[in-house]
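Visitor: Have a look at this one.
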Amino acid sequence: MSKDTSTAVREDGLRYASKLGGSPFQGSGQTRSCFKCGRHRPPSSLQSKRILGRTELVCKPACEPKT
């Protein structure tokens with residue numbers, strides 16, 4: 025994430041005029057994060073795996089390296 029340069033409070037009380045509105049997660053909001061790599065994916069591309077005595081969701085078949 026880049027650091028915003030215009031963070032002063034304006035007269036109408038708003039700040040961060042340079043940030044884009046909205047959510048970084050597009051679609052219907054049906055995503056979960058992988059326990060290992062942290063990427064958000066649809067539930068169909070995740071599998072349950074027992075890690076440290078708990079069942080966690082991880083990428084299937086394996087996490088892809090970040091590029």
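Position in the sequence shown counted from 1, then plus 24, gives you the working numbering. Every residue gets a Cβ at the ideal spot worked out from N, C-alpha and C, and that includes glycine.
Can you give the Cα-Cα distance for R74 and L38, rounded to whole angstroms?
Guide: In the sequence shown, counting from the first residue as 1, residue 74 sits at position 50. In the sequence shown, counting from the first residue as 1, residue 38 sits at position 14. Their Cα atoms are separated by approximately 46 Å.
Visitor: Assuming S72 contacts T79 under a Cβ cut-off of 8 Å, what Cβ separation, rounded to an integer in Å, is found between them?
Guide: Taking the sequence shown and counting its residues from 1, the one referred to as residue 72 is at position 48. Taking the sequence shown and counting its residues from 1, the one referred to as residue 79 is at position 55. That pair is a contact at about 5 Å.
Visitor: Looking only at its own chain, which residues have a Cβ that is under 8 Å from the Cβ of S126, when we skip the five neighbours before and after it?
Guide: This structure gives no information on residue 126, because the portion of the chain shown stretches from 25 to 91.
Visitor: Is T79 near the ligand ATP, going by C-beta to nearest heavy atom under 6 Å?
Guide: Although the ligand ATP was asked about, the structure shown includes no ligands whatsoever.
Visitor: Spatial neighbours of C87 within its chain, please: CB distance less than 7 Å, with the 5 preceding and 5 following residues excluded, ordered by chain position.
Guide: Within the sequence shown, the letter at position 63 stands for residue 87. Once the five neighbours on either side are set aside, the close Cβ partners of C87 are C58, K60, C61.
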